[in-house]
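The next block holds one structure in the form of structure tokens; read it before the comments.
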Amino acid sequence: MSIWDMDQYHQKSATIDTHIDGQIEDINSQIKDIQNPAQEHDVSVSPTQQREPSPD
1 MSIWDMDQYH
11 QKSATIDTHI
21 DGQIEDINSQ
31 IKDIQNPAQE
41 HDVSVSPTQQ
51 REPSPD
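Position one of the sequence shown corresponds to residue 1 (full-length UniProt numbering), numbered consecutively onward.
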């Protein structure tokens with residue numbers, strides 16, 4: 001393998017790494033999007049549970 005081939009190989013593997021990193025970031029942001037509504041929902045549920053006993 002010549003030095004030129006090695007350089008090309010490193011450039012290719014580097015672009016693959018950054019592509020995978022980008023995909024991981026996309027997946028992580030999607031997971032956050034899924035988790036956040038659930039957390040907001042939990043927050044909205046607890047005040048209603050606290051309000052319900054008071055009219056009784």
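Cβ atoms here follow ideal geometry from the backbone N, Cα and C, with glycine treated the same way.
Keep in mind that this is a model prediction, so the values were computed, not measured.
Original post:
In whole angstroms, what separates the C-alpha of Y9 from that of H19?
Top reply: Y9 and H19: Cα-Cα distance of roughly 15 Å.
**OP:** Could you have a look at S29 and say whether DSSP puts it in helix, strand or coil?
**Re:** helix
Subject >> Q35 versus S29 - alpha carbon distance >> reply: 10 Å
Subject >> As assigned by DSSP and simplified to three states, the class of S13 >> reply: It is helical.
**OP:** Give the straight-line distance between the Cα atoms of K32 and D26, rounded to the nearest whole angstrom.
**Re:** 10 Å
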